[in-house]
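Participant:
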Amino acid sequence: MRICFVGAGYVGLVTGTCFADLGNDVICVDNNEEKINLLKNGGVPIYEPGLNEMIARNVGKNRLSFTTSITEGVEASDIIFIAVNTPPLPNGDADLSFVETVSKEIAQTMKTYKLIVEKSTVPVETGEWIKHTVQINNKHQVEFDVASNPEFLREGTAVHDIMNPDRIVIGVESARAEKILRELYTPFNAPIVMTDIKSAELIKHASNSFLATKISFINAVANICERTGADIIKVAEGMGYDTRISKSFLNAGAGFGGSCFPKDLAAFIHIAQKYGYDFKLLKEVENINNEQKKLVVTKVKKAVWILKDKKIGILGLAFKPNTDDMRRAPAIDVIEMLQSEGSVIKAFDPVAMDRAKQIFKNITFCKDPYEVAEGVDCLVIMTEWNEFKEIDLSLVKDKMANPIIIDGRNIYDPAKMKELGFVYHGIGR
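Numbering (the numbering used here), first residue to last: 26 to 454.
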């Protein structure tokens with residue numbers, strides 16, 4: 026099939042590349058000339074395991090190309106996925122201006138039937154607005170359909186998630202659109218949830234908000250564990266064996282971040298308010314997540330007493346391992362709170378350093394965890410990279426001014442840390 030992805034970010038670039046790998050002809054469009062030039066020259070603007078090789082393979086087979094021209098993308102394709110950014114507005118709603126602009130440009134360009142699919146995470150009823158926008162700008166009065174096909178990829182495992190989905194959600198209004206999308210997804214061995222567009226839009230927001238709720242719930246339980254002397258690791262293990270609950274997203278820590286959960290949670294709260302429902306549960310999920318980042322700083326304070334002029338080492342800057350994404354990373358809030366009280370920050374992340382340097386101008390970036398540990402009064406774990414789980418802790422201890430570790434991701438065994446001579450504080454342990 027001939028496919029166009031408008032928006033070559035995490036969703037558009039990875040999904041488009043995966044579709045190309047299945048034998049489709051894919052063209053990715055983005056208005057960022059620097060990004061498109063990088064892709065044309067063999068570079069990749071994001072870190073995602075396995076993506077570089079897959080892009081190179083499909084570009085080499087002439088199944089994947091890149092352009093800044095929507096006209097070129099629309100003319101070359103039958104299916105057009107809208108995968109542009111939908112950042113949050115100050116009130117928590119999603120900014121749909123990019124979606125509107127792209128919908129208008131598609132309508133003015135298309136000369137034959139097109140299936141326009143919203144891939145971006147958008148509020149319910151966005152499909153209706155896309156349809157309306159296309160109708161009033163349909164310059165050549167051609168037939169078209171609008172559909173919804175939300176993504177459920179996780180950064181760090183995006184290629185695997187797209188090629189091995191738990192489910193495929195498709196919202197359509199016509200038999201023609203359903204037939205096309207069923208054919209597109211034929212190679213995937215996964216259940217297809219075929220529904221109306223509004224239900225498909227809500228499935229995405231409801232799914233992410235529920236997962237965020239699980240994280241905040243286990244973090245709230247972790248606070249009770251600390252007050253009672255229980256171990257959140259064992260509590261979560263005991264809960265996770267219940268098939269109705271499952272083990273996933275029951276890892277207590279410094280809170281969630283990234284481009285999806287915080288944004289989608291705020292958007293879903295705003296959507297509910299728009300329709301007259303006060304979603305108090307999700308407001309508290311949001312509040313618990315914000316408090317969890319403050320908890321990390323509180324633990325540092327209790328361990329070192331005065332923060333002013335203390336050297337604090339941060340291991341992990343990305344919001345999760347296997348990605349360089351810094352968007353709403355908990356490390357950002359923690360570092361800013363520490364700096365506001367006069368702490369001197371040293372930091373390292375295996376892949377997110379370049380992005381972090383665009384955010385912070387007054388911290389010392391180090392070449393590895395051992396350089397971070399040199400002379401610090403406290404070490405804070407903010408991202409659960411495997412590299413940090415395997416470091417030489419004895420060497421780290423020797424380099425530190427004070428052997429204090431605040432483990433915001435519970436990656437170490439408290440008994441072992443005590444045996445090594447560390448003052449160790451995890452979350453809920």
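Note that beta-carbon positions come from the ideal geometry of N, C-alpha and C, so glycine has one too.
If you're wondering where the values come from, they're calculated on a predicted model, not measured in any experiment.
(1) Please report the residue range of the alpha helix (DSSP H) in which M219 lies.
(2) How is V246 classed by DSSP in three states: helix, strand or coil?
(3) Considering only residues of the region 94-174, which uninterrupted alpha helix (DSSP H) runs meet the minimum length of 4 residues and lie entirely inside it, listed in chain order?
(4) Check this for me: beta carbons of T40 and N83, under 8 Å apart or not?
(5) Taking only runs of the beta strand (DSSP E) that begin and end inside the region 349-404, which ones reach a length of at least 3 residues, in chain order?
(6) Considering only residues of the same chain and omitting the five flanking positions on each side of D350, which have a CB-CB separation below 7 Å?
(7) What residues in its chain sit with their C-beta under 8 Å from that of K136, if we drop five residues either side in the sequence?
(8) Exposed or buried, which one is G68 when buried takes at least 16 other CB atoms within 10 Å?
(9) Determine whether the beta carbon atoms of G453 and E251 lie at a separation below 8 Å.
(10) Mind checking which residues open and close the alpha helix (DSSP H) that includes K422?
(11) What did DSSP end up calling C29 once you bin it into helix, strand or coil?
(12) Helix, strand or coil: which one does DSSP assign to I436?
(13) Run the CB neighbour count on G254, radius 10 Å, all protein chains shown included, and call it buried at 16 or more, exposed below.
(14) Specify whether the region 418-428 and the region 386-399 touch according to this definition: at least 3 beta carbon pairs, one from each stretch, less than 8 Å apart.
(15) With distances taken between CB atoms, is the gap from I217 to I187 smaller than 8 Å?
(16) How about P190 and F177: do their beta carbons lie closer than 8 Å?
(17) Given a threshold of 16 other Cβ atoms within 10 Å of its Cβ, counted over all protein chains shown, does L140 qualify as buried or as exposed?
(18) Short of 7 Å in beta carbon distance, which residues of its chain neighbour K414, apart from the five on each side in sequence? Order them along the chain.
(19) Buried or exposed for G37, going by 16 or more other Cβ atoms inside 10 Å?
(20) Can you check whether the CB of I429 is closer than 8 Å to the CB of V329?
(21) Taking just the CA atoms, how far does D438 sit from E444?
(22) Hey, is the region 98-113 in contact with the region 62-82, meaning 3+ C-beta pairs nearer than 8 Å?
(23) Measuring only the C-alpha atoms, how far is K319 from G433?
(24) Helix, strand or coil: how does DSSP classify L340 here?
(25) Where does D46 fall in DSSP's three states?
(26) In angstroms with no decimal places, state the Cα-to-Cα distance between C29 and C53.
(27) Does the contact criterion of 3 or more C-beta pairs under 8 Å hold for the region 386-395 versus the region 362-373?
(28) Determine the closest residue to I384 out of G367, V401, I357, S365, with distance taken between C-alpha atoms.
(29) Between the C-alpha atoms of A245 and K129, what's the straight-line distance to the nearest angstrom?
(30) How far does the alpha helix (DSSP H) with V322 in it extend, from its first residue to its last?
(31) The alpha helix (DSSP H) that contains G263, what's its start and end?
(32) Please classify V197: does DSSP put it in a helix, a strand, or coil?
(33) Take K239 as the anchor and find which of D303, R207, F286, A200 has the nearest alpha-carbon.
(34) With a cut-off of 8 Å on the beta carbons, I'd call I61 and F91 a contact; round off their distance for me.
(35) Tell me whether the region 259-269 and the region 290-297 touch, counting them as touching only if at least three CB pairs, one residue from each stretch, are closer than 8 Å.
(36) Taking the continuous beta strand (DSSP E) assigned at L89, which residues delimit it?
Facilitator: If we stick to the structure as given:
(1) Unbroken run through M219 is the beta strand (DSSP E), 217-220; no alpha helix (DSSP H).
(2) helix
(3) 95-100, 122-134, 151-161
(4) no
(5) 369-373
(6) E180, G283, S284, A343, F344
(7) E100, H165, V167
(8) Exposed, because fewer than 16 other Cβ atoms sit within 10 Å of the Cβ of G68.
(9) The answer is yes: Cβ separation under 8 Å.
(10) 418-424
(11) In this structure, C29 counts as strand in the three-state DSSP scheme.
(12) coil
(13) exposed
(14) yes
(15) At the C-beta level, I217 and I187 stay beyond 8 Å of one another.
(16) If you check the CB distance, P190 and F177 come in under 8 Å.
(17) Flag for L140 reads buried.
(18) I436
(19) Looking at its Cβ environment, which holds 16 or more other Cβ atoms inside 10 Å, G37 is buried.
(20) Against a cut-off of 8 Å, the Cβ pair of I429 and V329 comes out as a contact.
(21) Distance from the CA of E444 to the CA of D438, rounded to the nearest whole angstrom, comes to 10 Å.
(22) no
(23) 11 Å
(24) strand
(25) helix
(26) For C29 and C53, the distance between alpha carbons rounds to 6 Å.
(27) yes
(28) I357
(29) 45 Å
(30) In the DSSP assignment, V322 falls within the alpha helix (DSSP H) that extends over 305-329.
(31) 257-265
(32) coil
(33) F286
(34) 5 Å
(35) no
(36) 89-92
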